[in-house]
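**Student:** Okay, handing you the structure first.
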Amino acid sequence: MPSTAQVTRLLMAWGQGDKDAFEALVPFVHAELRRIARRHMAKERPGHTLQPTALVNEAFLKLVDVSDVRWQDRAHFFAMASRVMRHVLVDSARARGFQKRGGGATRVTLNEERAGTTERAADLIALDEALDGLAAIDPRKAQVVEMRYFGGLSVEEAAEALGVSVRTAKRDWTVAKLWLLAELKK
Numbered sequence: 004m005p006s007t008a009q010v011t012r013l014l015m016a017w018g019q020g021d022k023d024a025f026e027a028l029v030p031f032v033h034a035e036l037r038r039i040a041r042r043h044m045a046k047e048r049p050g051h052t053l054q055p056t057a058l059v060n061e062a063f064l065k066l067v068d069v070s071d072v073r074w075q076d077r078a079h080f081f082a083m084a085s086r087v088m089r090h091v092l093v094d095s096a097r098a099r100g101f102q103k104r105g106g107g108a109t110r111v112t113l114n115e116e117r118a119g120t121t122e123r124a125a126d127l128i129a130l131d132e133a134l135d136g137l138a139a140i141d142p143r144k145a146q147v148v149e150m151r152y153f154g155g156l157s158v159e160e161a162a163e164a165l166g167v168s169v170r171t172a173k174r175d176w177t178v179a180k181l182w183l184l185a186e187l188k189k
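Below, the structure is given as C-alpha cells:
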C-alpha cells in the first residue's frame, strides 16, 4: 500500500498531464473508490442497474476527462470522486423519469438511519437539488456535506481536504444539515 505522499505525487503528476502517473495511480486508489461506491450504492434502491464496480468505472471515465483540476492531495481526489459518483447516480435517477420535487417522488430527510430505503432515487434528486442551492449560497458547506454524507469522510478528513480547521468543518456540517432539512421540508 502506498503512502499518502506517494498517492499525492501521482495525483499531481497526473494533473500535469503524465498519463503514466494515472496508470500507476489506479491500482492504489481502486479499493477506496469501491468502498465509496458501495457506500453510495447502499443508499440506492434494491435492484439498481448500476453496481459499485460500474459506478467506479463511470467515475473514472469522468475524472479522466477532467483536465483543469489541480489535485491537492489524496483526500481531495476522493472527495471529487465521491462527487462524481453522486452526479452519476443523480443522472441515472433523472433518466428513470423522476420529476423535480414531484411526479410521485417523496421528500428526503437528511437522516442517516434512512439511508437504505427504497425511496432513494427520489430522495437523491431532491437532496442533489437542495445541495445545489446550498452550494450557490455557501460552497464550502455543500462540500462538507458531499464529503461526509456521500464520500464517507470523517470530519477530520473533510477539514483536511478543504484546508480548514476541524472545528470549522464541524460547524459547517451542523449548519449545512439544518439548512438542508429546512430546505427539504419546503
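If you're matching positions, the sequence shown starts at 4 in my numbering and goes up one per residue. For glycine and all other residues, C-beta sits at the position ideal for the given N, C-alpha and C. Being a predicted model, the structure only gives us computed values, none of them experimental.
Comparing C-alpha positions only, which one of Glu61, Leu66, Gly50 and His43 sits nearest to Trp17?
**Tutor:** When only C-alpha atoms are compared, the closest one is Leu66.
**Student:** If I'm right that Val93 touches Leu127 with Cβ under 8 Å, what's the distance once you round it to whole angstroms?
**Tutor:** With 8 Å as the limit, Val93 and Leu127 qualify as a contact, their Cβ atoms being about 6 Å apart.
**Student:** On the criterion of 16 or more Cβ atoms from any shown chain inside 10 Å, does Glu149 qualify as buried, or is it exposed?
**Tutor:** It counts as buried.
**Student:** Helix, strand or coil for Lys196 per DSSP?
**Tutor:** For residue 196 there is no data in the structure shown, the boundaries of the chain being 4 and 189.
**Student:** Quick one: what's got a C-beta closer than 6 Å to Phe153's C-beta in the same chain, skipping five residues either side?
**Tutor:** If we look at Phe153 and ignore the five residues flanking it on each side, its Cβ neighbours are Ser85 and Arg89.
**Student:** In angstroms with no decimal places, state the Cα-to-Cα distance between Lys188 and Glu26.
**Tutor:** Those two C-alpha atoms are separated by around 45 Å.
**Student:** Quick check on Val29: buried or exposed, where buried means 16 or more other Cβ atoms within 10 Å of its Cβ?
**Tutor:** Exposed: under 16 other Cβ atoms inside 10 Å.
**Student:** Spatial neighbours of Met44 within its chain, please: CB distance less than 6 Å, with the 5 preceding and 5 following residues excluded, ordered by chain position.
**Tutor:** Hits under 6 Å: Pro55.
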